[in-house]
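Here the structure comes first, spelled out in C-alpha cells, and everything after it is commentary.
Laid out in C-alpha cells, this is it:
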C-alpha cells in the first residue's frame, strides 16, 4: 500500500517530491496489474495515492511519460537484476536456476509485474510492448541460447529442446505461474504456494521435467541459499 | 478467412443460416484474438464477415449471448477433445503427451485460442473467465494430478514438482508459446517453428527438462504418429 501523503501548497521539497513520485508510480503499477494500462486514468492513480490529479500531471505530463517512467525506473532495473549476473560459458542449469531465482525475488518486491507482463507485453496491442523491447538484454539472452546449444552438442542437454525458445519457456513459466497462482489456489481450494515452493516446482520442471533427479541436486541448491 | 456471404431478404434458409452464424462466430473469434473482447463491436464483426450489424443481432441478441456461443460451441468442444481421452491410471508421461498433442491440433484449427485464453481467461477481469470455469473438466484434471502424485510416491516422477500445479504448467506452456511464437520468431529473426517442432520442445521440456533423455523415447513417439 502506498503511504497517504498530505498536500502542500506550491512546489513540494525534494524528499517529498521523491515520495510523492514513488507513491504515484506504485499506485499506477498496482492499477495497471489490476485493470490494465488502458483502463487506468490519472484520476484513479491520484485517488489511490491520496493525491490530486493535478499532482499526477505535475510529475508526469502525459500517459506516455508515465509509461516511460514505469518501464525505465521499475521494469528495466528488474531486467538488469535478473540478467546482469548471467555470464558467457556458464552451464545452462546454472543460468536457468539463477534467472528463475532472481525473477521470483523481483516479483516478490513488485507483485504487479507478472500480470502486467502478460497483459501489456505478451498481448498483441499491449501498451508496454515496444517500450519493453528496447530493454531486452539480447546479448545476455544469447548466453542462455548458446549454453543450451553447446550442451546439446555435447549430449549433456535434452536434444528435443529448441535452444532459442528456452528463454521464452523460462520467463513465461515464471510469469504465468506467478500471475495466476492465487487464482489457481482458489480454484483448486489449495493454499497459495510460497516463493520457495514455486521456485522448486518451476526450476524442477525446467531442469528435469517429470524425470526424477538421479543425483543429489537438492543438497547443492539448498547449500547455495 | 471467413467466406463472404451475400445478403438475402427475409429469413435465410437453414443451411445459409448455419453458414452465416459460423461466419459470424469465426469473425468474432478472430477479432477477439486480435483486439480483445471488450474492443470488438458488433459492427466490426459484421464487417469482417461481410454481413450487416443487424444480421449479427439477428443471430446473437446480445454480446453475452455471443460470448456464450463462443465458449459453448467453440471452446468447450476443444476442451472435451483435449481431455476426454485422459483415463485414470494412465502414466503421467502418457497423459501429458496426449494433452499437449491434442491442444496443438486444436490450436492449429483455431489459431485464435491461445491469445484469447491469455487475455480473457488468465487476465483478472478477462471477459471469458467465469464462462470458462464452468467448462473445466475437474475430474479429468484430477487424473493428471493423481498420476503425478502416484509417480512421486513410487519415485518415478520428480519430487520437486507440485502435482497440482502441473496441469497449469502444461496448459500454460502450450498457450504461452503458441500465443507468442510468431512474435518471438520476428524478434529473434527465426523462422516460426511448425507444430511438430513446438510439440517436441514443449513435451521435451515437460517430460525431461534440460536433462538428456537416456532411453529411446523418440522411436516410441514417432511410431505413434
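Chains as they are written, first to last, in my numbering: chain Y, 31 to 255; chain B, 31 to 255. Virtual Cβ for every residue (Gly too), placed ideally from N, Cα, C. Just so we're clear, the structure is a prediction, and the values are computed from it rather than from any experiment.
Interface annotation for the segment 150-169 of chain B against chain Y: 152, 153, 154, 155, 159, 163, 166 and 168, criterion Cβ-Cβ distance under 9 Å. In the DSSP assignment, residue 175/Y falls within the unbroken alpha helix (DSSP H) covering 168-183.
Put simply, the backbone Cα of residue 62/Y is about 42 Å away from that of residue 186/Y. At least one CB of chain B lies nearer than 8 Å to the CB of residue 207/Y. 192/Y is the residue among 54/Y, 71/Y, 205/Y and 192/Y whose C-alpha sits nearest the C-alpha of residue 175/Y.
Exposure of residue 102/B is indicated by the presence of fewer than 16 other C-beta atoms within 10 angstroms of its C-beta.
It is roughly 8 Å from the alpha-carbon of residue 55/B to the alpha-carbon of residue 96/B. Three or more beta-carbon pairs separated by less than 8 Å are not found between the segment 123-131 of chain B and the segment 118-131 of chain Y, which leaves the two stretches without contact. Among the residues facing chain B, residue 214/Y is included, as its CB has a counterpart in that chain under 8 Å away.
If you look at residue 67/Y, you'll find it isn't in any alpha helix (DSSP H); DSSP assigns it neither H nor E. The beta carbon of residue 138/B sits closer than 7 Å to the beta carbons of 225 from its chain, once the five residues preceding and following it are set aside; these are given in chain order.
Residue contact check for residue 185/Y against chain B: a CB pair falls below 8 Å. Proximity of residue 148/B to chain Y, defined by a Cβ-Cβ separation below 8 Å, is satisfied.
Per DSSP, reduced to three states, the secondary structure at residue 239/B is coil, with no helix or strand assignment.
Here residue 113/Y has 167 and 170 as same chain residues with Cβ atoms under 6 Å from its own Cβ, once five neighbours each way along the sequence are excluded. Using beta-carbon distances, residue 134/B does not count as an interface residue toward chain Y, since no partner is under 8 Å.
Look at residue 225/Y here: in three-state DSSP terms it is helix.
The C-beta of residue 174/Y comes no closer than 8 Å to any C-beta of chain B. Interface with chain Y (8 Å Cβ-Cβ cutoff): residue 222/B is excluded.
In the three-state DSSP reduction, residue 144/Y falls in the helix class (H, G or I). Taking the Cα positions, residue 237/B is about 42 Å away from residue 49/B. Within the same chain, 175 come within 7 Å of residue 194/Y by CB-CB distance, once the 5 residues on both sides are set aside.
Measuring C-alpha to C-alpha distances from residue 182/B to each of 241/Y, 65/Y and 47/Y identifies 241/Y as the nearest. In the three-state reduction of the DSSP assignment, residue 95/Y falls in the helix class. Annotated three-state conformation of residue 218/B is coil, per DSSP. In chain order, 218 and 220 make up the part of chain B whose C-beta sits under 7 Å from the C-beta of residue 194/Y. Non-local C-beta neighbours of residue 150/Y in its own chain, meaning closer than 6 Å and more than five positions away in sequence, comprise 67, 156, 157 and 158, ordered along the chain.
The C-alpha of residue 207/Y lies about 46 Å from the C-alpha of residue 44/B. Chain order gives no chain B residues near residue 94/Y, where near means a beta carbon separation below 8 Å; the closest approach is about 20 Å. Burial check for residue 91/Y: the Cβ neighbour count within 10 Å stays below 16, so the residue is exposed.
Rounded to whole angstroms, the separation of the alpha carbons of residue 217/B and residue 144/B is 19 Å.
Residue 221/B and residue 83/Y have their C-alpha atoms roughly 47 Å apart. Taking all protein chains shown into account, residue 160/Y has fewer than 16 neighbouring C-beta atoms within 10 Å of its C-beta and is therefore exposed.
The beta carbon of residue 148/Y sits closer than 8 Å to the beta carbons of 205, 206 and 209 from its chain, once the five residues preceding and following it are set aside; these are given in chain order. At a cut-off of 8 Å between beta-carbon atoms, residue 123/B makes contact with chain Y.
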